[in-house]
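Student: Using mature numbering (1 follows the signal peptide of the UniProt record, and there is no 0), the letters of the sequence shown correspond one by one to residues -21 to -1, 1 to 561. C-beta: ideal position from N, C-alpha, C; glycine also.
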Amino acid sequence: MAALGPALAACLLLSPRGCAAAADGANGTCRGSARCQPGVLLPVWQPDEPAAGDKAARAIVYFVAMMYLFLGVSIIADRFMASIEVITSREKEITVTKANGETSVGTVRIWNETVSNLTLMALGSSAPEILLSLIEVCGHRFQAGELGPGTIVGSAAFNMFVVIAVCVYAIPAGESRRIKHLRVFFVTASWSIFAYIWLYLILAVITPGVVQVWEAFLTLLFFPACVVFAWAADKRLLFYKYVYKRYRADPRSGIIIGTEAERPPKDPEADGGFPALPEPEPGGGGGGAEPTPEEKELDESRREVIQILKDLKQKHPEKELEQLLDAANYVALVHQQKSRAFYRIQATRLMTGAGNVLKKHAAEAARRSPAPPGEDDEDDEEDEACSRIFFEPCLYHCLENCGSVTLAVACQQGLGANQTFYVDFRTEDGSAKAGSDYEYSEGTLIFKPGETRKELAIGIIDDDIFEEDEHFFVRLLNLRVGDAEGMFEADSDDHPKGKLVAPLVATVTILDDDHAGIFGFRERSVRVSECQGHVEVTVVRSSGARGTVMVPFRTVEGTARGGGVDYEDASGELEFRNDETA
């Protein structure tokens, strides 16, 4: 219904108002043709009763004008949605202190996802319907028209029933999907059903055909109440904290799937099953402290990127790490959850021939660090002469056997900059420890006048011990300013010549390569003549070859039947010795 809103608004702007035929109040029969009132944009086309050819010509003109306004209203509505998307996607940088004293720096969204979907996103997606209702009410001198509340109620019903039905129907056969925020879904669905009941009561039962002031005021108060209840469900406040979320691992994809369930018993092994995996301790430290939501989000984002990189490394072992990062950014962008604004804007772009911008955006984002947050508007003029130094980018991934990882530090020169900048750097432990996982490093970077980029290398220590992927940090600190010859000079606090801006801390994730490996067939399909008698397939071992591994195998029927009909059944185990790869 949200997509039909622009069309309805265009129809109302074009079409004459009050085209209903006069009806007899006694028996409901039509008393003759009705005289249409002038439209908002186009007047009534005289004469009222044209010939058949004129009717066809008028229909074509009205249709072309309606389609033109339809595209125009769609573009305007999508510009509005794009601005809302910018507002709700704003992020802030946070520093999370873990239980063992370590710190992790990352970004989180300022707006709560549930609140933004129920407020700004709902306003943007329903703007055409709201304007349609307003135009009708104002055009009828604030009396109910033929559309009435159906413009908005119909849109809500369409979203709740038709959209959900299409989403369920679109799931491929043999696959399943789960609602990410089940508590929020129950709350919003309950409020939606209550809204229909409430409208029926105030329009047909309490005061038929009349809306009292107290009814309108109470209806308005229901909206913030719905938002508060949904936000409480999202944050697991009040009684929602007693709804436990259980996690299970999909054995085929390895993806962790969350479901709502009752709390498990204190001793899950008593049921004869595997013990539930506990939430990972931040940084591997102890203390039993529950991770904060921000920390969980950072860890989850890091694990997703690492998993994507591993999958791409297996599929494309010949590509460089930088190429894999570009591909990983695009995969993450395609599969990440998108807002309603994205799909509306994307639909308009595809309809008008603008095309898909995801690949272009991913390629640009892979080479562009998050823009350093600027100061307030009143300080922009003063900051134009101030140089900014920061990591570009702030996230790095490397294999354990790479030898070293190179980090880039950027210097955005201010207007008329003719200074030399000295900035110190040092490594800090995360889950990776200096001396065992990487080489501790500290030093000073010197930006001479005109230099905008410096690189620093951190040594990575390779070992033969299997361990989880680990990360450490590199921090910028202690900025000093010198003149063109390099002599230190005092820097004013009110109007500094240079400053360190976020991201000040770079996160380096070390991908472990000391594991048993990933097993798969060398060829996806093998063709063999029926008279050949037998066929051999090769199993390869990639991304590690540590230790002896037994890989079970068995034949499975496809279009060919086993049991001696088309082929002989086979099963057994393949033994891969240490460092054996095929």
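From Y419 to F59, what does the alpha carbon distance come to, in whole angstroms?
Tutor: Numbered from 1 along the sequence shown, position 440 holds the residue referred to as residue 419. Numbered from 1 along the sequence shown, position 80 holds the residue referred to as residue 59. Their Cα atoms are separated by approximately 50 Å.
Student: Taking all protein chains shown into account, do 16 or more other C-beta atoms lie within 10 angstroms of the C-beta of N380, making it buried, or fewer, making it exposed?
Tutor: Residue mapping note: residue 380 aligns to position 401 of the sequence shown, counting from 1. With fewer than 16 Cβ atoms within 10 Å of its Cβ, N380 is classed as exposed.
Student: If we call anything under 7 Å between Cβ atoms a contact, is D416 one with E449?
Tutor: As a first step, residue 416 is located in the sequence shown; it is residue number 437 there, counting from the start. As a first step, residue 449 is located in the sequence shown; it is residue number 470 there, counting from the start. A contact, by the Cβ cut-off of 7 Å.
Student: With distances taken from CA atoms, which of F452, V480, K427 is nearest A411?
Tutor: Position 432 of the sequence shown, counted from the first residue, corresponds to residue 411. Among F452, V480, K427, the Cα nearest to that of A411 belongs to F452.
Student: For my contact list, G461 and Y401 are in at a C-beta cut-off of 8 Å; report their separation, rounded to the angstrom.
Tutor: On the sequence shown, position 482 is the one that residue 461 refers to. On the sequence shown, position 422 is the one that residue 401 refers to. With a Cβ gap of about 7 Å, G461 and Y401 count as contacting.
Student: Give a yes or no on whether the C-beta atoms belonging to L99 and I63 are separated by under 7 Å.
Tutor: Residue numbering aside, residue 99 sits at position 120 when the sequence shown is read from its first letter. Residue numbering aside, residue 63 sits at position 84 when the sequence shown is read from its first letter. Against a cut-off of 7 Å, the Cβ pair of I63 and L99 comes out as a contact.
Student: By a C-beta neighbour count over all protein chains shown, 10 Å radius and 16 as the cutoff for buried, is V166 buried or exposed?
Tutor: Within the sequence shown, the letter at position 187 stands for residue 166. Flag for V166 reads buried.
Student: Helix, strand or coil for Q391 per DSSP?
Tutor: In the sequence shown, counting from the first residue as 1, residue 391 sits at position 412. Residue state, collapsed to three classes: strand.
Student: Give a yes or no on contact between the segment 183 to 199 and the segment 147 to 162, applying the rule of three or more CB pairs nearer than 8 Å.
Tutor: Contact fails: fewer than three Cβ-Cβ distances are below 8 Å.
Student: Which partner residues does H86 have in the DSSP bridge list?
Tutor: For the purposes of this step, residue 86 is taken as the residue at position 107 of the sequence shown. The residue you asked about is not His; residue 86 is Thr in the sequence shown. Answer by DSSP bridge pairing, in chain order: E72.
Student: Name the residue from V145, Y375, E509, K292 whose alpha carbon lies nearest to the alpha carbon of I489.
Tutor: Taking the sequence shown and counting its residues from 1, one reaches residue 489 at position 510. Of the listed residues, the one whose Cα sits closest to I489 is Y375.
Student: Using the beta-carbon count (16 or more within 10 Å), is residue 573 buried or exposed?
Tutor: This structure leaves residue 573 out entirely; the chain is present only between -21 and 561.
Student: Could you compute how far the alpha carbon of L553 sits from the alpha carbon of R501?
Tutor: The residue labelled residue 553 in the question sits at position 574 within the sequence shown. The residue labelled residue 501 in the question sits at position 522 within the sequence shown. Straight-line Cα distance between these residues: approximately 15 Å.
Student: Thinking C-beta only, is T74 closer than 7 Å to T86?
Tutor: Here residue 86 corresponds to residue number 107 of the sequence shown, with the count starting at 1. Here residue 74 corresponds to residue number 95 of the sequence shown, with the count starting at 1. No, the Cβ-Cβ distance between T86 and T74 is not below 7 Å.
Student: Taking Cβ to Cβ, would you say I285 is nearer than 7 Å to A307?
Tutor: Translated into positions along the sequence shown, residue 285 becomes position 306. Translated into positions along the sequence shown, residue 307 becomes position 328. Contact: no.
Student: On a CA-only basis, which of G422, E434, S521 is nearest C373? Give me that one, please.
Tutor: Translated into the one-based positions of the sequence shown, residue 373 becomes position 394. The residue with the shortest Cα to Cα distance from C373 is E434.
Student: Name the residue from R120, Y546, R459 whose alpha carbon lies nearest to the alpha carbon of Q398.
Tutor: Locating residue 398 in the sequence shown gives position 419, where the first residue counts as 1. Comparing Cα positions, the closest option is R459.
Student: If you run the structure through DSSP and keep just helix, strand and coil, what is V166?
Tutor: For the purposes of this step, residue 166 is taken as the residue at position 187 of the sequence shown. The answer is helix: DSSP assigns V166 an H, G or I state.
Student: If you draw a straight line from the C-alpha of I158 to the C-alpha of Q391, how long is it?
Tutor: As a position in the sequence shown, residue 158 is number 179, starting the count at 1. As a position in the sequence shown, residue 391 is number 412, starting the count at 1. Answer to the nearest angstrom: the Cα atoms are 44 Å apart.
Student: Do you know whose CA, among G526, V528, E515, E509, lies nearest T534's CA?
Tutor: Sequence index remark: in the sequence shown, residue 534 carries index 555 (1-based). Checking every option, the nearest Cα to that of T534 belongs to E515.
Student: Closest to L378 by CA distance: which of I440, L479, G477, V310 is it?
Tutor: Within the sequence shown, residue 378 is the residue found at index 399, counting from 1. Ranking I440, L479, G477, V310 by Cα distance to L378 puts I440 first.
Student: Tell me whether L303 is buried or exposed, calling it buried when 16 or more other Cβ atoms sit within 10 Å of its Cβ.
Tutor: Here the question's residue 303 lines up with position 324 in the sequence shown. Buried, because 16 or more other Cβ atoms sit within 10 Å of the Cβ of L303.
Student: Which of helix, strand or coil does DSSP assign to T130?
Tutor: If you number the sequence shown from 1, residue 130 lands on position 151. Looking at T130 - three-state DSSP - the assignment turns out to be helix.
Student: Distance check for T130 and F121, CA to CA, integer angstroms please.
Tutor: To locate residue 121, count along the sequence shown from 1; it is residue 142. To locate residue 130, count along the sequence shown from 1; it is residue 151. Answer to the nearest angstrom: the Cα atoms are 16 Å apart.
Student: Would you kindly check if the distance between the Cβ of A561 and the Cβ of V519 is under 7 Å?
Tutor: On the sequence shown, residue 519 is found 540 positions in, with the first residue counted as 1. On the sequence shown, residue 561 is found 582 positions in, with the first residue counted as 1. Yes, the Cβ-Cβ distance between V519 and A561 is below 7 Å.
Student: To the nearest angstrom, report how far apart A413 and E421 are at their CA atoms.
Tutor: Looking up residue 413 in the sequence shown gives position 434. Looking up residue 421 in the sequence shown gives position 442. Going from the Cα of A413 to the Cα of E421 covers about 12 Å.
Student: Measure the C-alpha to C-alpha separation of D403 and G409 and round it to an integer number of angstroms.
Tutor: Taking the sequence shown and counting its residues from 1, one reaches residue 403 at position 424. Taking the sequence shown and counting its residues from 1, one reaches residue 409 at position 430. The alpha-carbon atoms of D403 and G409 are separated by roughly 19 Å.
Student: Taking all protein chains shown into account, do 16 or more other C-beta atoms lie within 10 angstroms of the C-beta of G542, making it buried, or fewer, making it exposed?
Tutor: Counted from its first residue, the sequence shown places residue 542 at position 563. By the 10 Å Cβ count, G542 comes out exposed.
Student: What does DSSP give as the partner residue(s) for A413 in the beta ladder?
Tutor: In the sequence shown, counting from the first residue as 1, residue 413 sits at position 434. A413 pairs with Y417.
Student: Please tell me whether A389 and E72 are closer than 7 Å, where the distance is taken between their beta carbons.
Tutor: Taking the sequence shown and counting its residues from 1, the one referred to as residue 389 is at position 410. Taking the sequence shown and counting its residues from 1, the one referred to as residue 72 is at position 93. No, the pair does not count as a contact, with Cβ atoms beyond the cut-off.
Student: DSSP on S504, reduced to helix/strand/coil?
Tutor: Position 525 of the sequence shown, counted from the start, is the residue given in the question as residue 504. S504: coil per DSSP, three-state reduction.
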